[in-house]
Amino acid sequence: MKEIVLNNTFAIEGIDYVKQDRFELVLAENERILNRVNERLEIIDLRQEKIEVLYKELEGLIIFSEWKEKGMK
Numbered sequence: 024m025k026e027i028v029l030n031n032t033f034a035i036e037g038i039d040y041v042k043q044d045r046f047e048l049v050l051a052e053n054e055r056i057l058n059r060v061n062e063r064l065e066i067i068d069l070r071q072e073k074i075e076v077l078y079k080e081l082e083g084l085i086i087f088s089e090w091k092e093k094g095m096k
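So the sequence shown is numbered by the numbering used here: it starts at 24 and just counts up by one.
Written out as structure tokens, the structure reads:
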């Protein structure tokens, strides 16, 4: 009877270790996913900044060309 209780105790402890290991694996995987998402967001932010600068430059060129056309007439 003692052996059955001991075996059950070891089995329960083993399950706890397996659950803990699985939990740590899931946490590590989630952290890896979040890091990749953050990297992609940083890339998107940089692209957005470049687009905004290019848009302002284009808008300035359009305003300048319109001003130049009005001045020529």
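No residue lacks a Cβ here, since even glycine has one placed at the ideal position from N, Cα and C.
Review point. In chain order, what residues of the same chain have a beta carbon less than 7 Å from the beta carbon of G94, not counting five sequence neighbours either side?
Key: none
Exercise for review: Decide if L57 is buried, meaning its Cβ has at least 16 other Cβ atoms within 10 Å, or exposed.
Suggested key: exposed
Review point. Apart from the five residues on each side of it in sequence, which residues of its chain come closer than 6 Å, Cβ to Cβ, to F87?
Key: none
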